[in-house]
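Read the structure below first, then the notes.
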Amino acid sequence: MHYYKQTRYKLLRTFCVVAQKENITHAAEQLHISQPTVSLQIQALEREMGEQLLERRGPSVRLTPEGKILYQLVQPIAAGIDGLRESFAANLGKMEKGELNIAAGQSTALYVLPEYLKRFHEAYPGIRINLHNVAGQSGMKMLLEDQVDLAVGPLLQVPEGIIYQPFASFGSILITAEDHPLATHERVTLEDIGPYGLILPPRNMSTWRMVDTVFRQHEVPYTVAMEAGGWEIVKKYVEMGLGVSIVTEVCLTGNEKVKAVPLHDYFPARSYGLIVRRGKFFSPQAKRFIEMFDENFFMPT
């Protein structure tokens, strides 16, 4: 019976890795076993459960509805066993080692996270922080595949199976060069901005889409003078007078040679928050980090 339980855990752990990777080859590489062995273990688990758990398309696979249910049940257990040693040490008051994996976009990593990561590092200097700089939906993909413990950033729409816990909010502002005609204005309208070329992030980014939506809703024409990735780059070219930009106020450090004019009348404040997968097993390191933002996050509701 003891051997059988060991074998069952091996099958379930293999199943979890395959579900996360959605690829037999990649799962075999992570588990350091052969592809045929992975396939045989999945088949053995399907026989035991009496259900087809995966849809196979060559080396790629997808969970069946039954597979999704089993994954939701098993993943926290498998993650808990894998992290048992660290959890045991944390419950004894020891948090000298371990890792924390966070996904965040460039602006979040530059302007929002530094003070929190500094506090966490000072409290737990032995824990290695892996900050994954991601863009667009890449962070959500890593989160859903359990490649990271959590993500931090803005989230305009909350997908099913995701918990979003905002902790900060920042307004939108127009930034111009110091000698720009709009620099002396305390308030501006979209009509004021329209004649001047905008410097915006690439079209696939949420900021570009938000600016485009607001101008279209108000039926105000506008032009894009430049597309540039990253707020630091955008600010640099605004300083040079190559255009104006609409940014989130969090990106201003006070050292820029720009003028800022609020745009609260047109653009809603942008929230930044913790993004986690519902039902995920959290390592002690992830729990401590999340509790820095919300000490009641893990309290029963």
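Going by our numbering, the final residue of the sequence shown carries number 320, and the count climbs one at a time with no gaps.
Note that beta-carbon positions come from the ideal geometry of N, C-alpha and C, so glycine has one too.
All values derive from a computational prediction rather than experimental measurement.
Nearest residue (CA-CA) to residue i, options the options
i	options	result
glycine 273	Glu251, Gln39, Arg138	Glu251
isoleucine 148	Gln156, Arg138, Ser157	Arg138
aspartate 211	Leu282, Lys160, Val177	Leu282
tyrosine 28	Ala63, Tyr241, Gln54	Ala63
glutamate 197	Glu275, Met245, Phe186	Glu275
threonine 203	Pro144, Val280, Val93, Ile146	Val280
leucine 175	Pro185, Gly262, Gln166, Leu169	Pro185
glycine 69	Leu89, Val131, Glu141	Leu89
tyrosine 143	Pro200, Tyr291, Tyr215, Leu119	Leu119
glutamate 85	Ala38, Gly292, Met159	Ala38
proline 221	Pro303, Leu72, Ala244, Leu59	Ala244
glutamate 164	Ile192, Gly180, Val233	Gly180
leucine 72	Gly292, Phe286, Phe34, Ser79	Phe34
serine 79	His45, Gln49, His51, Glu65	His45
valine 295	Glu65, Glu67, Lys40, Val171	Val171
proline 173	Gly117, Val93, Thr226, Phe312	Thr226
glycine 262	Tyr215, Arg235, Val277, Leu271	Tyr215
aspartate 266	Pro200, Tyr130, Gln156, Glu65	The identity of residue 266 in the sequence shown is valine, whereas the question assumes aspartate. With distances taken between Cα atoms, valine 266 lies closest to Tyr130.
alanine 154	Gly248, Arg235, Arg75	Gly248
leucine 271	Gly145, Ile192, Arg235	Ile192
asparagine 223	His51, Phe312, Gln156	Gln156
glycine 292	Glu246, Phe312, Lys278, Pro200	Phe312
lysine 278	Lys255, His199, Glu246	His199
Which residues DSSP lists as bridging residue i, in chain order
i	result
alanine 122	His151, Ala170
serine 290	Ser188
isoleucine 61	Looking at the DSSP assignment, isoleucine 61 forms no beta bridge with any residue, so it has no partner.
proline 281	Ile192
leucine 82	Leu73
methionine 245	Ile218
valine 295	Ile182
isoleucine 265	Leu193
asparagine 42	Ser79
7 Å CB neighbourhood of residue i in its chain, flanking five on each side removed
i	result
serine 264	Ile194, Leu217, Ile218, Leu219, Val253, Val257
valine 239	Leu209, Glu210, Gly213
alanine 128	Leu150, Asn152
glycine 190	Glu268, Pro281, His283, Ala288
phenylalanine 41	Reading the sequence as shown, one finds glutamate at residue 41 and not phenylalanine. Excluding residues within five positions, the ones whose Cβ falls inside 7 Å are Ser79, Val80, Arg81.
leucine 136	Ile148
glutamate 314	none
alanine 97	Leu31, Arg32, Cys35
lysine 160	none
7 Å Cβ cutoff met for residue i and residue j
i	j	result
arginine 307	isoleucine 182	no
glycine 213	tyrosine 241	yes
proline 95	phenylalanine 300	yes
glutamine 60	isoleucine 43	no
tyrosine 285	valine 233	yes
serine 188	serine 290	yes
aspartate 168	alanine 47	no
valine 57	glutamine 49	no
valine 93	leucine 31	yes
alanine 122	glycine 77	no
isoleucine 146	glycine 124	no
Sequence-distant residues of its chain with Cβ nearer than 6 Å to residue i (five each side left out)
i	result
glutamine 91	Gly298
histidine 140	none
valine 177	Tyr183
histidine 237	Leu209
Cβ neighbours of residue i in the same chain (closer than 8 Å, five flanking residues each side left out)
i	result
glutamate 310	Phe316, Phe317
leucine 111	The predicted position of leucine 111 is uncertain, since its pLDDT is 45 and thus under 50; a value taken from the coordinates is nonetheless stated next. Excluding positions up to five away in sequence, the list is empty.
threonine 83	Glu70, Gln71, Leu72, Leu73, Glu74
glutamate 67	Arg27, Leu30
leucine 162	Ala122, Leu169, Ala170, Ile181, Ile294, Val295, Arg296
Near the ligand MN: residue i beta-carbon under 6 Å from a heavy atom
i	result
proline 200	Annotation note on the ligand MN: not contained in the displayed structure, which lists no ligands.
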